[in-house]
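Number of protein chains: 2
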Amino acid sequence: MREVGVGIIGFGTVGAGVADGLLREAELISRRCGLRVALRGVADLDIGRDRGVAVPRELLTTDAMALALRPDVDVVVELIGGTGVAADVIRAALEAGKSVVTANKKLLAEHGAALFALARKKGVDLYFGASVGGGIPIIRALRDGLVANDIRAMHGILNGTCNYILTRMAREGSGFDEVLADAQRLGYAEANPSLDIDGFDTAHKICILASLAYGVTVPLDRVTVQGIRGLNPVDVRYAGELGYVIKLLAVCKAHGDRLEVRVNPTLVPKDHTLASVNDVFNAVLVDGSMTGDTLYYGKGAGREATASAVISDIVSVARHVAVGTPRAAEPLPRIDESPYALLAPEDCVSRFYIRLMVRDDCGMVGRFATILGAHGVSIFAASQHEASEAQRAEGYVPVVILTQPARAGDIVAALTEITEQGIVRSMPFHLCIL
Amino acid sequence: MREVGVGIIGFGTVGAGVADGLLREAELISRRCGLRVALRGVADLDIGRDRGVAVPRELLTTDAMALALRPDVDVVVELIGGTGVAADVIRAALEAGKSVVTANKKLLAEHGAALFALARKKGVDLYFGASVGGGIPIIRALRDGLVANDIRAMHGILNGTCNYILTRMAREGSGFDEVLADAQRLGYAEANPSLDIDGFDTAHKICILASLAYGVTVPLDRVTVQGIRGLNPVDVRYAGELGYVIKLLAVCKAHGDRLEVRVNPTLVPKDHTLASVNDVFNAVLVDGSMTGDTLYYGKGAGREATASAVISDIVSVARHVAVGTPRAAEPLPRIDESPYALLAPEDCVSRFYIRLMVRDDCGMVGRFATILGAHGVSIFAASQHEASEAQRAEGYVPVVILTQPARAGDIVAALTEITEQGIVRSMPFHLCIL
Numbered sequence: 004m005r006e007v008g009v010g011i012i013g014f015g016t017v018g019a020g021v022a023d024g025l026l027r028e029a030e031l032i033s034r035r036c037g038l039r040v041a042l043r044g045v046a047d048l049d050i051g052r053d054r055g056v057a058v059p060r061e062l063l064t065t066d067a068m069a070l071a072l073r074p075d076v077d078v079v080v081e082l083i084g085g086t087g088v089a090a091d092v093i094r095a096a097l098e099a100g101k102s103v104v105t106a107n108k109k110l111l112a113e114h115g116a117a118l119f120a121l122a123r124k125k126g127v128d129l130y131f132g133a134s135v136g137g138g139i140p141i142i143r144a145l146r147d148g149l150v151a152n153d154i155r156a157m158h159g160i161l162n163g164t165c166n167y168i169l170t171r172m173a174r175e176g177s178g179f180d181e182v183l184a185d186a187q188r189l190g191y192a193e194a195n196p197s198l199d200i201d202g203f204d205t206a207h208k209i210c211i212l213a214s215l216a217y218g219v220t221v222p223l224d225r226v227t228v229q230g231i232r233g234l235n236p237v238d239v240r241y242a243g244e245l246g247y248v249i250k251l252l253a254v255c256k257a258h259g260d261r262l263e264v265r266v267n268p269t270l271v272p273k274d275h276t277l278a279s280v281n282d283v284f285n286a287v288l289v290d291g292s293m294t295g296d297t298l299y300y301g302k303g304a305g306r307e308a309t310a311s312a313v314i315s316d317i318v319s320v321a322r323h324v325a326v327g328t329p330r331a332a333e334p335l336p337r338i339d340e341s342p343y344a345l346l347a348p349e350d351c352v353s354r355f356y357i358r359l360m361v362r363d364d365c366g367m368v369g370r371f372a373t374i375l376g377a378h379g380v381s382i383f384a385a386s387q388h389e390a391s392e393a394q395r396a397e398g399y400v401p402v403v404i405l406t407q408p409a410r411a412g413d414i415v416a417a418l419t420e421i422t423e424q425g426i427v428r429s430m431p432f433h434l435c436i437l
Numbered sequence: 004m005r006e007v008g009v010g011i012i013g014f015g016t017v018g019a020g021v022a023d024g025l026l027r028e029a030e031l032i033s034r035r036c037g038l039r040v041a042l043r044g045v046a047d048l049d050i051g052r053d054r055g056v057a058v059p060r061e062l063l064t065t066d067a068m069a070l071a072l073r074p075d076v077d078v079v080v081e082l083i084g085g086t087g088v089a090a091d092v093i094r095a096a097l098e099a100g101k102s103v104v105t106a107n108k109k110l111l112a113e114h115g116a117a118l119f120a121l122a123r124k125k126g127v128d129l130y131f132g133a134s135v136g137g138g139i140p141i142i143r144a145l146r147d148g149l150v151a152n153d154i155r156a157m158h159g160i161l162n163g164t165c166n167y168i169l170t171r172m173a174r175e176g177s178g179f180d181e182v183l184a185d186a187q188r189l190g191y192a193e194a195n196p197s198l199d200i201d202g203f204d205t206a207h208k209i210c211i212l213a214s215l216a217y218g219v220t221v222p223l224d225r226v227t228v229q230g231i232r233g234l235n236p237v238d239v240r241y242a243g244e245l246g247y248v249i250k251l252l253a254v255c256k257a258h259g260d261r262l263e264v265r266v267n268p269t270l271v272p273k274d275h276t277l278a279s280v281n282d283v284f285n286a287v288l289v290d291g292s293m294t295g296d297t298l299y300y301g302k303g304a305g306r307e308a309t310a311s312a313v314i315s316d317i318v319s320v321a322r323h324v325a326v327g328t329p330r331a332a333e334p335l336p337r338i339d340e341s342p343y344a345l346l347a348p349e350d351c352v353s354r355f356y357i358r359l360m361v362r363d364d365c366g367m368v369g370r371f372a373t374i375l376g377a378h379g380v381s382i383f384a385a386s387q388h389e390a391s392e393a394q395r396a397e398g399y400v401p402v403v404i405l406t407q408p409a410r411a412g413d414i415v416a417a418l419t420e421i422t423e424q425g426i427v428r429s430m431p432f433h434l435c436i437l
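Protein chains in written order, with our numbering: chain A, 4 to 437; chain B, 4 to 437.
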């Protein structure tokens, strides 16, 4: 049986999971893919620490570059993260004609174009199946399973930390800070949670999915990103009363040659498939021109789930290596150089949830309804909520409005005008509705 | 750009969808897979009828065998169904060294072993991605995405006709015959619905999934199959009141070296992911050793969804053909010749729903509870329902029991004894609970 050599760079959580899986399931993997995937070594600066994995001592090394370049290593698996050493090792491996597997979203976002071009030049694979959705084979689905489909839209819950926080806020009515602190204590959120809760991790992922679905590179800084930091529990409660749950949703949708790519906390109807995706679970709903809606659901993170995705990539790449046919990654044009253009954020059309503190005077509701109407925004539902003591004392009452589909730009213009006219205490808060 | 020739055998619903997709999305497919997939011809006995697809006249032929054997056809797509001509054409194509794509479950169940062996001998592909789950890439997920996972269990809603009928019965409280007649009128059920409603289609599919997950062939006649024909709406209602929906569930689960493979109408808790899979949608929940639960959801049938899966297979096979590396299918041993054995139906353990018409005498409930207990069956919940006039007149009242997990064999033994002792009007009805 043909043997393919694998070197793992990075012995952290995922690296340990991959090493463990390759060693433990070696027999299963051989049986399923018809070749032996042999672990040649694992590199890390700290090889003294116990990682809870039975990796033979002689496989450990502190010299990442040497491992990556060993002649008997065919596939280099980069799991150190970041864009420094990781980039150097990947570049060197590709230059040396080795295929690479990585789960490094940040690196792909920043250096993806150059690395894919290099992989293509060298005729080797650069796989990144674990970068989105952990154990959910969504990248494979887009690449192969839905190959005959024009992708009309993708809606994803792609960040387990945010979904955990939002699920608990909805279930318990708790405040954001409180649940975040709990999530940090439980290891579901980082000490510095910004990448997750400010939506950037989700944005990275939807850019990767967009590249697979539409064949274009969407630069991260061109994506409209709104995270969940400081989400007011009152909005979670009002949404619930109206039949919605709030989810951090990544959207990628084609409108002719315009691509809508954005990340927003969004009200999802409770009977929608995505509404029941709770806790740290992820899901992606893909609307294909032939299949219609298909959904992929599972754990989006965690050692084992991510390691499963990395090993799946290793096996695919190893198959190509074994028969001498790596499928060179195609270099993707930046969106501006492609037939597509990004839809401007203000041109995105959605139904909206708006919460306003309205001056408790006669005719105020009529006035803001008129202003909304003048901006082309129709009201779908409105409800006035009981004011707290403090709110009443200040002379304002909370009102929630759900609109018919409207341009985001028109909503902002209308709300700005309402604020300037002194009808509300401060700029109203609004969220998209799915 | 390298060109790969495709011949479609069968110009029915799916065949027309595949031809249409290949012609309409030719540019998209080329861009995504880097080669041209060229439709060489479509064979059918009736090429006069309008199929609603703009296939150039000169591509149509009535000679299936000649098309399959044309030198410029690299991939033969069998979509006529049945086990006669279909088998002949596939065998001839494989013998001639051509790769084959089919969606023919019946053929795979009956002749799969021989055909896979032939494909392997000839070093060509035999793909069948559309045979389970239509547009849902579940076969790909098991083959590639979850390659490093021991599959602990699979639970699937795999038949759109049954799921449509069960969804409407639950929603409307309608009777089985009435909804079936409606489904037939709407084209969701065949004139002869047996293959669907008696569970055989579902059984075919779970056998295919079992072969992918466990590397063994499970003969169809060894699978415990219970369909939904004649399901009593009263059970749908009682289940609903208790917090469950009834779904036709295919189960494949490993217990050490015993495989549990069965198809049963099953009570699914309303908050379970599978409970929200409604209408003609299918879903498969896969519990992998590394990923934990992942779910795949989408339309399980229909022209476009099935055609999408067939084209996905065609593209994969075409890639292999283009680079000269078809991945020969592995011949699978029959389960009896493998390390696995089938779990005997009576050894399956589940919670059970039992509906009995109990004699309306003092102490009867106590007597059947005692008999259940003697067979090792514990009661989890019990409720007596209001008897109809007729039932009261006959002296029986309906009682529903939910048990703790119990052996199916013990349940049947207990219910038989209860019946023999004259405690109930007739043999109680029971269903599994997920």
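All C-beta atoms, glycine included, are put in the ideal place defined by N, C-alpha and C. Just so we're clear, the structure is a prediction, and the values are computed from it rather than from any experiment.
{"query": "CB contact check: A:V17 to chain B, cutoff 7 Å", "result": "no"}
{"query": "Per-residue burial, A:A112 [other beta carbons within 10 Å of its own, 16 or more giving buried]", "result": "buried"}
{"query": "Supposed contact pair B:I231 and B:I209 - C-beta distance, whole angstroms, cut 8 Å", "result": "No, B:I209 and B:I231 are not in contact; Cβ-Cβ is about 15 Å, not under 8 Å."}
{"query": "Rounded C-alpha distance that separates A:D47 from A:F14", "result": "6 Å"}
{"query": "Straight-line Cα distance separating A:N267 from A:R241", "result": "The sequence as given places Tyr at residue 241 of chain A; Arg does not occur at that position. Straight-line Cα distance between these residues: approximately 18 Å."}
{"query": "Contacts of B:S319 in chain E (Cβ-Cβ under 9 Å)", "result": "Absent here is chain E; the protein component of the structure consists of chains A and B."}
{"query": "Beta-carbon proximity of A:V427 to A:V361, cut-off 7 Å", "result": "yes"}
{"query": "Cα-Cα separation, B:E28 to A:M293", "result": "10 Å"}
{"query": "Short Cβ contact (7 Å threshold) for A:E35 with B:V150", "result": "It is Arg, not Glu, that sits at residue 35 of chain A in the sequence shown. Yes, the pair counts as a contact, with Cβ atoms nearer than the cut-off."}
{"query": "Contact belief for B:I191 with B:T170 at Cβ below 8 Å, rounded distance in angstroms", "result": "The question names Ile, but residue 191 of chain B is Tyr in the sequence shown. Contact flag wrong, Cβ pair sits at about 11 Å."}
{"query": "Partner residues on chain B for A:G159, Cβ-Cβ distance less than 9 Å", "result": "The contacting residues do not exist; A:G159 stays about 14 Å from chain B at best."}
{"query": "Where the alpha helix (DSSP H) containing B:P236 begins and where it ends", "result": "P236 to E244"}
{"query": "Alpha-carbon to alpha-carbon, A:H433 and B:A216", "result": "47 Å"}
{"query": "Contact set between the region 284-296 of chain A and chain B, restricted to residues whose Cβ is under 7 Å from the partner", "result": "G291, M293, T294, G295 and D296"}
{"query": "Contact set between the region 189-209 of chain A and chain B, restricted to residues whose Cβ is under 7 Å from the partner", "result": "none"}
{"query": "Expected contact under 8 Å - CB spacing of A:G8 and A:R43 to nearest Å", "result": "5 Å"}
{"query": "Test: A:R27 CB closer than 7 Å to a CB of chain B", "result": "no"}
{"query": "Inter-residue spacing [alpha-carbon to alpha-carbon] between B:L418 and B:M430", "result": "7 Å"}
{"query": "Distance between beta carbons of B:V127 and B:G100, contact taken as under 8 Å", "result": "6 Å"}
{"query": "DSSP three-state assignment for A:D296, whether helix, strand or coil", "result": "strand"}
{"query": "Nearest neighbour of A:G303, chosen from A:T406, A:L118 and A:L161 [CA to CA]", "result": "A:L161"}
{"query": "Positions along the region 34-53 of chain B whose CB lies within less than 8 Å of some CB in chain A", "result": "R34, R35, C36 and G37"}
{"query": "Contact list for B:L31 against chain A, beta-carbon separation under 8 Å", "result": "A151 and D153"}
{"query": "Chain A contact for B:E175 (CB, 7 Å cutoff)", "result": "no"}
{"query": "Touching by the beta-carbon criterion (3+ pairs, under 8 Å), the region 313-326 of chain A and the region 176-183 of chain A", "result": "no"}
{"query": "Where A:T105 meets chain B, residues with beta-carbon distance less than 8 Å", "result": "Here the premise fails: no neighbours, minimum Cβ distance about 17 Å."}
{"query": "Member of A:I50, A:S315 and A:H114 whose CA lies at the smallest distance from the CA of A:G138", "result": "A:S315"}
{"query": "Presumed contact (8 Å Cβ cut-off) between B:F371 and B:T406, rounded CB distance", "result": "About 12 Å separates the two Cβ atoms, so there is no contact after all."}
{"query": "Residue-level contact to chain B via CB, A:A133, 7 Å cutoff", "result": "no"}
{"query": "Range of the contiguous beta strand (DSSP E) that encloses A:M157", "result": "I154 to I160"}
{"query": "Endpoints, beta strand (DSSP E) assigned at B:F14", "result": "Here B:F14 belongs to no beta strand (DSSP E), and DSSP marks it neither H nor E."}
{"query": "Contained alpha helix (DSSP H) runs [length at least 4] in the region 372-421 of chain B, N- to C-terminal order", "result": "392-397"}
{"query": "Reference B:R261, options B:D339, B:S391, B:G37 and B:D413, closest by Cα", "result": "B:D339"}
{"query": "Distance CB(A:V45)-CB(A:L63) smaller than 7 Å", "result": "yes"}
{"query": "From A:F383, A:I141, A:K124 and A:K250, residue whose alpha carbon lies closest to that of A:P329", "result": "A:K124"}
{"query": "Neighbour list for B:R143 in chain A, Cβ cutoff strictly below 7 Å", "result": "R143, D147 and G148"}
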